[in-house]
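Some notes on the structure that comes next.
In UniProt numbering, the protein residues as written are 1 to 299.
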């Protein structure tokens with residue numbers, strides 16, 4: 001078993017002097033993935049180093065290091081789909097019984113999802129990644145409808161406990177993204193947003209990331225749908241299905257739309273960008289975010 005921790009998590013384990021503010025500890029079960037998602041550093045065809053997941057370096061740790069974990073409000077385990085991952089994940093979960101744990105895993109059956117909840121997991125992430133059915137098959141592989149079917153069944157049996165990941169910037173339209181948000185909102189499935197990040201060594205290493213402006217508009221849309229129950233008619237699209245306008249006036253607190261979305265206490269610092277750049281997913285609320293949201297909503 002190869003167990004890794006993100007750099008910021010090493011500070012929570014006392015293995016580094018990292019000063020990154022982290023409410024969630026992030027771990028990864030590593031191995032050679034059997035799938036071939038073109039955007040992923042762990043894809044079957046990728047030549048990127050396994051220590052990377054997106055832009056983050058994950059250092060290998062020992063199982064006993066988990067005992068040193070403190071001051072974490074949540075634990076998030078990213079699972080690479082290598083042969084034998086389920087058995088390894090069960091072992092790790094047994095060492096984290098006293099923590100609130102989220103698992104992000106490419107589960108293939110409802111029985112697998114149920115097994116994690118039976119062990120005591122707090123939430124399970126079933127990533128869609130790409131909301132366009134044709135692009136899903138080309139870039140991620142697999143059956144889009146079966147993934148949605150699993151999300152629907154799991155969310156009905158474990159309401160409020162299922163999350164999904166959505167990547168912005170892989171060729172989908174804004175309208176497709178927003179329609180997907182309404183679909184998951186109805187299922188009570190939370191959406192964790194990511195901006196596509198080109199990683200050297202992957203098939204999409206030269207594919208451009210989305211503009212920060214577009215990503216901000218999609219973040220606003222997700223927030224307004226999930227937190228404010230905004231009607232679909234408030235979103236105005238052009239002929240290409242891209243968002244032109246959101247017919248909602250500014251209100252105090254809308255800047256929170258730009259914070260990292262996902263499970264409670266999720267931060268994922270620098271997952272989508274290099275340190276020093278303005279983060280796509282902000283992890284600290286500020287008045288600056290309110291100003292940015294106001295500009296977008298007021299045109």
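Here a beta-carbon is modelled for each residue, glycine too, at the ideal position from N, C-alpha and C.
| Contacting residues, own chain, Cβ-Cβ under 8 Å from residue 176 (five flanking each side not counted) | Within the chain shown, residue 176 is the residue found at index 176, counting from 1. Excluding positions up to five away in sequence, the list reads 131, 132, 241.
| task | Note down, one range per segment and in chain order, each alpha helix (DSSP H) of at least 4 residues found wholly within the segment 181-263. | result | As far as the segment 181-263 is concerned, its whole alpha helix (DSSP H) runs of at least 4 residues are 212-228.
| query | Looking at residue 41 and residue 77, is the spacing between their C-beta atoms short of 8 Å? | reply | For the purposes of this step, residue 77 is taken as the residue at position 77 of the chain shown. For the purposes of this step, residue 41 is taken as the residue at position 41 of the chain shown. With a cutoff of 8 Å on beta-carbon distance, residue 77 and residue 41 are scored as not near each other.
| residue 262 and residue 209: beta carbons closer than 8 Å? | In the chain shown, residue 262 corresponds to position 262, counting from 1. In the chain shown, residue 209 corresponds to position 209, counting from 1. No.
| said: Does residue 125 pass the burial test, meaning 16 or more other C-beta atoms within 10 Å, or should it be called exposed? | reply: What you label residue 125 is simply residue 125 of the chain shown in a count that begins at 1. Buried, since its Cβ has 16 or more Cβ neighbours within 10 Å.
| message | Give me, in chain order, the residues of the same chain whose beta-carbon lies closer than 8 Å to that of residue 234; leave out the 5 immediate sequence neighbours on both sides. | response | Looking up residue 234 in the chain shown gives position 234. 224, 246, 247, 248, listed in sequence order.
| query | Which of helix, strand or coil does DSSP assign to residue 287? | reply | On the chain shown, position 287 is the one that residue 287 refers to. Here residue 287 sits in helix by DSSP.
| task | Taking all protein chains shown into account, decide if residue 279 is buried (16 or more other Cβ within 10 angstroms of its Cβ) or exposed. | result | Residue 279 sits at position 279 when you count from the first residue of the chain shown. Result: buried.
| Applying the criterion that 16 or more other CB atoms from any shown protein chain within 10 Å of the CB defines a buried residue, is residue 193 buried or exposed? | Counted from its first residue, the chain shown places residue 193 at position 193. Residue 193 comes out buried.
| Looking at C-beta atoms only, is the number of pairs between the segment 94-113 and the segment 66-81 that lie closer than 8 Å three or more? | Two segments are said to touch when three or more pairs of C-beta atoms, one from each, lie closer than 8 Å; by this definition the segment 94-113 touches the segment 66-81.
| said: Is the beta carbon of residue 214 closer than 8 Å to that of residue 191? | reply: For this step, residue 191 is matched to residue 191 along the chain shown. For this step, residue 214 is matched to residue 214 along the chain shown. It is not a contact, given that the beta carbons lie outside the stated cut-off.
| field | Sequence ranges, beta strand (DSSP E) only - wholly within the segment 71-114, length at least 3 | value | You should have 74-79, 101-104.
| task | Give a yes or no on contact between the segment 6-15 and the segment 145-163, applying the rule of three or more CB pairs nearer than 8 Å. | result | Between the segment 6-15 and the segment 145-163 there are fewer than three inter-stretch CB-CB distances shorter than 8 Å, so the stretches are not counted as touching.
| Where does the unbroken beta strand (DSSP E) through residue 30 begin, and where does it stop? | Residue numbering aside, residue 30 sits at position 30 when the chain shown is read from its first letter. Per DSSP, the continuous beta strand (DSSP E) segment holding residue 30 begins and ends at 24-30.
| query | Where residue 61 and residue 27 are concerned, what is the direct C-alpha to C-alpha distance, given to the nearest angstrom? | reply | Taking the chain shown and counting its residues from 1, the one referred to as residue 61 is at position 61. Taking the chain shown and counting its residues from 1, the one referred to as residue 27 is at position 27. Residue 61 and residue 27 have their C-alpha atoms spaced approximately 9 Å apart.
| task | Provide the residue span of the alpha helix (DSSP H) that contains residue 156, from first to last. | result | Taking the chain shown and counting its residues from 1, one reaches residue 156 at position 156. Per DSSP, residue 156 is one residue of the alpha helix (DSSP H) stretching across 144-157.
| said: I'd like to know whether the C-beta atoms of residue 24 and residue 72 end up nearer to each other than 8 Å. | reply: To locate residue 24, count along the chain shown from 1; it is residue 24. To locate residue 72, count along the chain shown from 1; it is residue 72. The Cβ atoms of residue 24 and residue 72 sit closer than 8 Å to each other.
| query | Among 232, 155, 30, 179, which residue has its Cα nearest to the Cα of residue 166? | reply | Start at 1 with the first residue of the chain shown, and residue 166 comes out as number 166. The option with the nearest alpha carbon to residue 166 is 179.
| task | Using three-state DSSP, classify residue 48 as helix, strand or coil. | result | For the purposes of this step, residue 48 is taken as the residue at position 48 of the chain shown. The three-state reading of DSSP puts residue 48 in coil, since its state is none of H, G, I, E or B.
| message | Between the alpha carbons of residue 172 and residue 64, how many angstroms are there, rounded? | response | The count along the chain shown starts at 1 and reaches residue 172 at position 172. The count along the chain shown starts at 1 and reaches residue 64 at position 64. When rounded, the distance between both Cα atoms is 43 Å.
| Cβ-Cβ distance between residue 237 and residue 244 below 8 Å | Translated into the one-based positions of the chain shown, residue 237 becomes position 237. Translated into the one-based positions of the chain shown, residue 244 becomes position 244. Cβ distance < 8 Å, so residue 237 and residue 244 count as in contact.
| said: If I measure Cβ to Cβ from residue 303 and keep anything under 8 Å in the same chain, skipping five residues before and after, which residues do I get? | reply: Residue 303 lies beyond the residue range present for the chain, which begins at 1 and ends at 299; the question has no answer from this structure.
| field | Close-in-space but distant-in-sequence residues of the same chain around residue 22 (CB under 8 Å, 5 per side omitted) | value | Taking the chain shown and counting its residues from 1, the one referred to as residue 22 is at position 22. If we look at residue 22 and ignore the five residues flanking it on each side, its Cβ neighbours are 8, 9, 11, 12, 72, 267, 269.
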